[in-house]
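Student:
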Amino acid sequence: MSDHFTRFYGVQKPSLEGYVRIFCFTRPLLRECHRQTMPKALCIRQLTKTYKNGLEALKGIDLDVEPGDFFALLGPNGAGKSTTISIIASLVNKSGGSVSIFGHDLDRDLYAAKRCLGLVPQEFNFNTFEPVQEILVNQAGYYGIPRKEAWKRAEKYLVELGLWEKRKDMARMLSGGMKRRLMIARALVHEPRLLILDEPTAGVDIEIRRSMWQFLKDINQQGCTIILTTHYLEEAETLCRNIAIIDHGRIIENTTMKGLLGQLNTETFVLDLTRPLVHLPDLTGHRLRWVDELTLEADVDRDVSLNRLFVDLNREGIQVRSMRNKTNRLEQLFMHMVDRGRAK
Amino acid sequence: MTNAHSNWIAFKTIIIKEVLRFSRIWIQTILPPMITMGLYFVIFGGLIGARIGEMDGIRYMDFIIPGLIMMAVITNAYANVVSSFYSSKFQRHLEEMLVSPVPNYLIILGFMGGGICRGLAVGVAVTLVSLFFSPLSIHNPAVALSVVVLTAALFSLAGLINGVFARSFDDISIIPTFILTPLTYLGGVFYSITLLPEFWQGVSMFNPILYMVNAFRYGFLGVTDFSLWLSYGIIIGFILALYGIALYLLNKGIGIRQ
Ligand SMILES: Nc1ncnc2c1ncn2[C@@H]1O[C@H](COP(=O)(O)OP(=O)(O)OP(=O)(O)O)[C@@H](O)[C@H]1O
Ligand SMILES: [Mg+2]
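If you read the protein sequences in the order shown, they are chains A and B.
Residue numbering for the first sequence is 3 to 346, as defined by the working numbering.
Residue numbering for the second sequence is 19 to 276, as defined by the working numbering.
1) Return the residue from the list B:243, B:206 and B:257 that minimises the CA-CA distance to residue 86 of chain B.
2) Residue range of the beta strand (DSSP E) that residue 258 of chain A falls in?
3) Could you round the C-beta distance between residue 256 of chain B and residue 226 of chain B to whole angstroms and report it? I think they count as a contact, below 8 Å.
4) Who are the neighbours of residue 31 of chain B on chain A, taking C-beta pairs under 7 Å?
5) Just to make sure I have the definition right: I need the residues of chain B whose C-beta is within less than 7 Å of the C-beta of residue 148 of chain A. Which are they?
6) Run through chain A and tell me which residues come within less than 8 Å of residue 106 of chain B, C-beta to C-beta.
7) Does the structure place the segment 40-47 of chain A close enough to the segment 100-116 of chain A that three or more beta carbon pairs sit under 8 Å?
8) With distances taken Cα to Cα, identify the nearest neighbour of residue 285 of chain A among A:262, A:310 and A:266.
9) Does chain B have any CB closer than 7 Å to the CB of residue 168 of chain A?
10) Tell me which residues pass a beta-carbon proximity test against ligand 1: closer than 6 Å to any heavy atom, given in chain order.
11) When the cut-off is 7 Å and only beta carbons count, does residue 79 of chain B lie next to chain A?
12) Please classify residue 26 of chain A as buried or exposed, where buried requires at least 16 neighbouring CB atoms within 10 angstroms.
13) Please confirm if the segment 117-134 of chain B is in contact with the segment 132-146 of chain A, defined as three or more CB-CB distances below 8 Å between the two stretches.
14) Flag this pair as yes or no: are the beta carbons of residue 96 of chain A and residue 89 of chain A separated by less than 7 Å?
15) May I ask you to list the residues that DSSP assigns as paired with residue 102 of chain A?
16) Secondary structure at residue 73 of chain A, three-state DSSP: helix, strand or coil?
17) Over the uninterrupted beta strand (DSSP E) stretch that includes residue 247 of chain B, give me the two end residues.
18) Applying a beta-carbon distance threshold of less than 8 Å, which residues of chain A neighbour residue 185 of chain B?
19) Please work out which residues of its chain come closer than 6 Å, Cβ to Cβ, to residue 268 of chain B, disregarding the five sequence neighbours upstream and downstream, and give them in chain order.
20) Identify whether residue 187 of chain B lies in helix, strand or coil by the three-state DSSP scheme.
21) Counting only runs that start and end within the segment 82-163 of chain A, where is the beta strand (DSSP E) found for 3 or more residues in a row?
22) Where residue 52 of chain A and residue 58 of chain A are concerned, what is the direct C-alpha to C-alpha distance, given to the nearest angstrom?
23) Could you work out which residue in B:107, B:210 and B:214 is closest to residue 235 of chain B when comparing CA atoms only?
24) Give the single residue among A:303, A:107 and A:15 whose Cα lies nearest to the Cα of residue 115 of chain A.
25) On the DSSP letters alone, give me the boundaries of the alpha helix (DSSP H) that residue 69 of chain B sits inside.
26) Going by DSSP, which residues form a beta bridge with residue 191 of chain A?
27) Name the DSSP bridge partner or partners of residue 172 of chain A?
28) Look at the alpha carbon of residue 213 of chain B and the alpha carbon of residue 243 of chain B, and state the distance between them as a whole number of angstroms.
29) Starting from residue 49 of chain B and walking both ways along the alpha helix (DSSP H), at which residues does that stretch end?
30) Note down, in chain order, each residue of its chain lying with its Cβ closer than 7 Å to the Cβ of residue 101 of chain B, except the 5 sequence neighbours on either side.
31) Terminal residues of the continuous beta strand (DSSP E) containing residue 145 of chain B?
32) Please decide whether residue 113 of chain A counts as near chain B, where near means a Cβ-Cβ distance under 7 Å.
33) I'd like to know whether the C-beta atoms of residue 296 of chain A and residue 290 of chain A end up nearer to each other than 7 Å.
34) Once DSSP output is grouped into helix, strand and coil, what is the label at residue 97 of chain B?
35) Going by the CB atoms, is the gap between residue 181 of chain A and residue 131 of chain A shorter than 7 Å?
Have a look at this one:
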C-alpha cells in the first residue's frame with residue numbers, strides 16, 4: 003500500500019503508539035532546546051578586573067546562572083566575590099570580558115540589564131540620615147515607578163521584611179540586622195528578575211536569619227533568580243541548588259549542590275559517650291580517634307553504614323549518648339577544594 | 019512605560035530627595051544665610067550705608083540688597099550640591115542611583131535642580147529679611163527670576179564638579195573659601211565698579227560673578243553697568259561648559275567607579 007505519507011516521507015505512516023513515542027522522545031529535546039535558547043539569568047565570560055593599584059582581583063571568570071536558580075557564590079575573604087558582583091551591578095568598571103543579565107549585555111544594553119537586577123551589597127550604602135520608607139520610595143523612583151505606586155511597594159516590602167514599625171525612623175537608628183533587611187527591601191522595590199545578595203545574613207541573629215531564608219525561598223519560588231554569597235556554608239546548603247567556588251579571582255568549582263556534596267568521601271562524627279573510657283578500643287575496619295575519656299571521633303567512609311560502627315562499639319561495651327558531625331559537610335569540602343585549588 | 023516617562027519620574031525623585039534633605043536640616047541650610055545677610059543689612063546697609071549715601075544714584079541699602087541676595091544664592095547652590103554629592107559618594111548611597119537605570123545626565127540635572135531649589139529657597143528667605151530694611155521693588159521680575167535661576171544652576175554644576183573631585187570633607191570648602199568668596203566680594207556686591215581705577219575695572223571684567231550680580235540688580239532696580247545680553251551670554255556659556263565637564267566626568271566614572 004502506498005499512500006501519500008509513505009510516498010512523501012519514504013517510511014510507513016506511524017501508528018498512534020508511534021506518535022506517542024515520537025512525542026515522548028522529542029519533548030525533553032524540545033525542552034532542552036528551549037532552555038538553551040532562553041537567555042541565562044546571568045552570563046559571564048572571561049571577566050577580568052585589575053584595580054588601579056595593580057591588584058588583579060579577577061583573572062578570567064566564566065559563570066552561568068539559569069533563570070529561576072538559587073545560586074551560591076562562595077569563596078574565602080578577598081576571593082573576588084564582591085568585585086564580581088560590583089561589576090555585574092556596574093558599580094565597578096571591568097577590565098575585560100563580558101557580562102549579560104537576561105540576555106542584556108552590560109556594554110550594549112546597560113539600562114535594560116539594570117532593570118533586571120536588584121542588589122543587596124555587602125556594606126551598608128544607604129543614606130543614614132534618611133527615613134527608612136523614603137529610602138525605598140526614592141529607589142523605586144529611580145526605576146521610574148510613580149510616587150504613589152512607590153509608596154505602596156515600599157509598604158509591601160517593609161511589611162514583608164518586618165520593618166514597617168520602623169518606617170519613619172532614620173536609617174541610622176536601625177540595628178545591624180534591620181539595616182540588612184532594609185537593603186533587601188530596597189533591592190526588591192522594582193521587582194527585579196535577578197536578585198544578588200552579598201552576605202545578606204552577616205550579623206543577623208538566628209531567628210531572623212531563618213525567616214530571611216524562608217523569605218528568599220519564597221521569592222525564588224515565585225520566579226526570582228537569586229545569587230547569594232555567604233560565609234555560612236549551612237546557609238548555602240539549605241538554600242542553593244547550584245554553587246560556584248571562587249578563589250584568588252578564579253572559579254575553582256562550579257557544580258550542583260548535590261553533586262558537590264556527593265564528592266564527600268568521608269564524614270567525621272563526634273561521639274559523646276555515657277561512661278568514661280580507659281583506653282581506645284581497637285576496632286578493626288574503623289578509624290577512631292581518642293579526644294578525651296568521654297569523647298571519640300570516627301571517620302566513616304561514605305559506603306560504610308553507621309550501623310556497623312554501632313554494632314562494633316556495642317560489642318566493646320561502649321555506649322554512645324549522642325553523635326554529631328564534626329564540621330558542616332560542606333565546610334569540609336570547601337576547605338578541601340580551596341586547598342586543592344591553591345596547590346594547583 | 020516609556021523611557022522618557024521613567025526618566026521624568028527619576029528626575030523628580032532626585033529633586034524631591036534633595037529638597038527634603040536640605041529642608042530637614044533647615045537650621046544648617048536656610049537659617050544661617052538669613053542671619054548673615056541680616057547682619058550685612060544692619061551693618062553695611064544701615065550703619066555704614068547711612069554715611070556712604072548713594073551708589074550709582076541709588077540708596078546704598080537698596081544697592082547692596084540684590085547683590086547680597088545673589089551672594090547667598092551662589093554660596094548656597096554651590097554648597098548644597100557639593101556637600102550632597104560628596105556625602106552621597108562618601109556614604110556610598112550614590113550607589114543607589116548608580117545601580118539603577120538613571121542616566122548620568124539625569125543625575126547631573128537632578129543634583130542641579132536640587133541646588134537651584136536651595137538657592138531659590140535661600141534667596142526668598144534673604145529677600146524676606148531684606149523687607150525689614152527696605153520695601154521690595156522689582157523693576158523686571160522676569161529678569162530677576164531668570165538670572166537667579168541660571169546663576170543657581172551654574173554654581174550647582176560647579177559644586178557637582180567639586181564634589182566629584184573631592185576626596186575629603188576639607189576638599190569641599192577649598193573652592194568656596196579661596197575662589198567663590200573673593201570673586202563674590204569683588205563682583206560688585208558692595209560697590210559699583212565705576213568706583214574702581216581703570217586698571218581694576220578691566221580686571222573685574224574677567225569676574226563672571228560681576229555680570230550675574232549686575233543683571234540681577236537690573237531686575238530689581240533697573241540699572242546695570244553692562245548689557246543684559248552679555249550677562250545672559252556669559253552665564254549660559256558657563257552653564258553649558260560646566261555641564262559638559264560634569265557629564266564627561268560622570269561618564270568616565272571619575273571619583274565614583276573604580
Ligand atoms: N577598591 C579596591 N581597590 C583595590 N583593591 C581592591 C578594591 N576592592 C577590593 N580589592 C581587592 O580585590 C580582592 C577581592 O576583593 P573582594 O572584595 O572582591 O573579595 P570578596 O571575595 O568579596 O571577600 P570577602 O569575603 O571578604 O567579602 C581583594 O584582594 C581586595 O583587597
Ligand atoms: Mg565581599
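By construction, the Cβ of each residue, glycine as well, lies at the ideal position given by its N, Cα and C atoms.
For clarity, every value in this text was computed on a predicted model and none was experimentally measured.
Tutor: In short:
1) B:206
2) 252-258
3) With 8 Å as the limit, residue 256 of chain B and residue 226 of chain B qualify as a contact, their Cβ atoms being about 6 Å apart.
4) 140, 143 and 144
5) 27
6) 129
7) Because the criterion of three Cβ pairs below 8 Å is met, the segment 100-116 of chain A and the segment 40-47 of chain A touch.
8) A:310
9) no
10) A:53, A:55, A:57, A:59, A:77, A:79, A:80, A:81, A:82, A:83, A:84, A:85, A:124 and B:276
11) no
12) Its Cβ having fewer than 16 others within 10 Å, residue 26 of chain A is exposed.
13) yes
14) yes
15) A:45 and A:107
16) strand
17) No beta strand (DSSP E) holds residue 247 of chain B; the alpha helix (DSSP H) holding it covers 246-270.
18) Under the 8 Å cutoff, chain A gives no residues; its nearest Cβ is about 14 Å from residue 185 of chain B.
19) Hits under 6 Å: 122.
20) coil
21) Assignment of beta strand (DSSP E) within the segment 82-163 of chain A, counting only whole runs of 3 or more residues, yields 98-103 and 119-122 in chain order.
22) 4 Å
23) If we check each option's Cα against that of residue 235 of chain B, B:210 comes out closest.
24) Measuring from the Cα of residue 115 of chain A, the nearest candidate turns out to be A:107.
25) 67-70
26) DSSP lists no partner for residue 191 of chain A.
27) A:133
28) 12 Å
29) 49-58
30) Closer than 7 Å at Cβ, skipping near neighbours: 190.
31) Element bounds for residue 145 of chain B: not the beta strand (DSSP E) but the alpha helix (DSSP H), 122-148.
32) yes
33) no
34) Helix.
35) no
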